[in-house]
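Take the sequence shown: its letters are residues 10 to 158, numbered as in my numbering.
Backbone N, C-alpha and C define an ideal beta-carbon position, used for all residues, glycine too.
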Amino acid sequence: MRAVVQKVKDANVIVDNLVVGEINYGILTYIAITHDDSNKDIDYMIDKITGLRIFDDNDGKMNLSVEDVSGEILVVSQFTLYGDVRKGKRPSFIQSAPFDFGKTMYDEFIKKLKQKSINVQTGIYGADMIVEYKNIGPVTILIDSKKLF
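Structure, rendered in structure tokens:
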């Protein structure tokens, strides 16, 4: 499982000209599933994302998590995080999970994330989406549950 985590002032996701998910101060997280992900990967990602200390404390040091600042999380599925561009110029998505497995894992990720005391909003898995956000910092963090980077 892979994630791109961005600290945002606000963010929303639009599908078919309708806002389907919207947050204020918090984290915009793009999530991608690969074919061999498991509940272990889900738990690892939730722990990392919710515990990531990327918010400023009173001294201006990145020392607080989204939970510490009562922030919100917007989760958007993005299979292209597994795009492989090592050969040629057209990405290969062979490492991305098949649709049904990916959706099942994504839904489980959201279900478990919502058990935290955080407002969680989402896009729609597999939909064409427009994502609007204001990145603070900018702060952008890459996470891979297999620890490949």
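Run through the DSSP bridge pairs and tell me what residue i is partnered with.
| i | result |
| --- | --- |
| Ala20 | Ile32 and Tyr142 |
| Thr38 | Val14 and Val84 |
| Leu151 | Val13 |
| Leu73 | Phe64 |
| Leu27 | Val24 |
Considering only the alpha carbon of each residue, which of the options lies closest to residue i?
| i | options | result |
| --- | --- | --- |
| Ile119 | Asp56, Val17, Lys96 and Lys18 | Asp56 |
| Val13 | Ser86, Asp46 and Lys70 | Ser86 |
| Asn48 | Ile58, Met10 and Gln124 | Met10 |
| Leu157 | Thr43, Pro147 and Val29 | Thr43 |
| Tyr160 | Glu76, Ala20, Asp65 and Asp66 | Nothing about residue 160 can be read from this structure; the chain reaches only from 10 to 158. |
| Asn144 | Asp25, Leu37 and Gly30 | Leu37 |
On the premise that residue j lies in contact with residue i, defined as a C-beta separation below 8 Å, what is that separation, rounded to the nearest angstrom?
| i | j | result |
| --- | --- | --- |
| Leu90 | Ala136 | Their Cβ separation, rounded to whole angstroms, is 16 Å, which puts Leu90 and Ala136 out of contact at 8 Å. |
| Leu122 | Ile82 | 7 Å |
| Lys125 | Thr59 | 6 Å |
| Met138 | Val22 | 5 Å |
Drop a sphere of 10 angstroms on the beta-carbon of residue i, count the other beta-carbons inside from all chains shown, and report buried for 16 or more, exposed for fewer.
| i | result |
| --- | --- |
| Ser105 | buried |
| Asp116 | exposed |
| Met71 | exposed |
| Thr131 | buried |
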